[in-house]
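The sequence shown begins at 1 in UniProt numbering and counts up one residue at a time. All residues carry an ideal CB built from backbone N, CA and C; glycine is no exception. Predicted, not measured: the structure shown is a model, and the values here were computed from it. Quick notes on the structure that follows.
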Amino acid sequence: MKHTLFLFLFSLVLLGDELTWVDKQIDAIKATRVGLAVQDIKSLKDPFIFFQPNHYQRNIDKKIKVIQKIPMYHTRKKVSHKKRETKIRYVRLNVHLGAIMNDAILVHSKWYKVGDRIKGFKIIRIDRESVLLARKNKRAILSIKKKKSKINFGIH
C-alpha cells in the first residue's frame, strides 16, 4: 500500500512539471494574431470555378448521344490523297478511368498525359468527361460519365 501511494505521489510531482511546461506553451501560442481585414478577404477572387449546370449538362448529353450512336465495331471510310481507304474501328478497352484532372488522367492508380500509351493505345485527346485513345486504325473512348441508377425506393 505504501509503495502504491509513493508511486502515485511521485508521478504527480513529475507530471506537475510537465503540465507547467504545457501551460507555458499555450500562453506563448495564445498571443493575439494579426489576420487579414474583412475588406481584404472580400476583395479576394473565389478560387473555385462553378459551371453553369444546364449548359454543361447539355454538352455532355450531346457527346454521349454521339458516342452511343457509334456501334462497337463501326467502320468509317477515310480517303487519303492516294485514294486509299482506311477503316477506323471503335473498340472497347477493359480500362478503368479513375479521374480526369486538367491535362492528365488517372488509370489504374497511374497518371498519364496526352501522348502517353495505355495498353498499346496512344492518348490523343483529353476532354472534361472523356478521353480519346488511338492505335493504328482503332479508336477507343474512355468516359467518367456514370449511368443513372434505376433503383427506386418506395413503400409498398
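_C-alpha distance - Tyr90 paired with Met101, whole-angstrom precision_ = The residue you call residue 90 lines up with position 90 of the sequence shown. The residue you call residue 101 lines up with position 101 of the sequence shown. Going from the Cα of Tyr90 to the Cα of Met101 covers about 24 angstroms.
_Residues bridged to Ser130 (per DSSP)_ = Stepping through the sequence shown from its first residue, residue 130 is reached at position 130. Looking at the DSSP assignment, Ser130 forms a beta bridge with Ser143.
*How is Thr86 classed by DSSP in three states: helix, strand or coil?*
Within the sequence shown, numbered from 1, the residue matching residue 86 stands at position 86. In the three-state reduction of the DSSP assignment, Thr86 falls in the strand class, which pools E and B.
*CA nearest to the CA of Gly98, picked from Val131, Val38, Ile88, Leu5*: In the sequence shown, the residue the question calls residue 98 occupies position 98. Nearest option by C-alpha distance: Val131.
_Bounding residues of the beta strand (DSSP E) (the contiguous stretch that carries Val107)_ = In the sequence shown, counting from the first residue as 1, residue 107 sits at position 107. Unbroken beta strand (DSSP E) run through Val107: 104-107.
*Residue span of the beta strand (DSSP E) that contains Lys110, given as start and end*: On the sequence shown, residue 110 is found 110 positions in, with the first residue counted as 1. Segment 110-113, the beta strand (DSSP E) holding Lys110.
_Close-in-space but distant-in-sequence residues of the same chain around Asp116 (CB under 6 angstroms, 5 per side omitted)_ = Residue 116 sits at position 116 when you count from the first residue of the sequence shown. Once the five neighbours on either side are set aside, the close Cβ partners of Asp116 are Ile123.
*Mind checking if Val38 is an interface residue toward chain E, Cβ cutoff 8 angstroms exclusive?*
In summary, chain E is missing from the structure at hand, where a single protein chain is found.
*What are the start and end residues of the beta strand (DSSP E) that includes Ala31?*
For this step, residue 31 is matched to residue 31 along the sequence shown. From DSSP, Ala31 is part of no beta strand (DSSP E); its letter is neither H nor E.
*Looking at C-alpha atoms only, which residue of Ile88, Met1, Leu19, His3 is the closest neighbour of Lys136?*
Here residue 136 corresponds to residue number 136 of the sequence shown, with the count starting at 1. The option with the nearest alpha carbon to Lys136 is Ile88.
*Whose C-beta lies closer than 7 angstroms to the C-beta of Ala104 among residues of the same chain, with five residues either side of it excluded?*
On the sequence shown, residue 104 is found 104 positions in, with the first residue counted as 1. Short of 7 angstroms from the beta carbon of Ala104, and not among the five residues preceding or following it, lie these beta carbons of its own chain, in chain order: Trp111, Tyr112, Lys113.
*Expressed to the nearest angstrom, what Euclidean distance is found between the alpha-carbon atoms of Ala140 and Thr86?*
If you number the sequence shown from 1, residue 140 lands on position 140. If you number the sequence shown from 1, residue 86 lands on position 86. As the crow flies, the alpha-carbon of Ala140 is around 16 angstroms from that of Thr86.
*asked:* Is the separation between the beta-carbon of Glu129 and that of Ile118 shorter than 8 angstroms?
replied: One-based indexing of the sequence shown puts residue 129 at position 129. One-based indexing of the sequence shown puts residue 118 at position 118. Contact flag unset, no.
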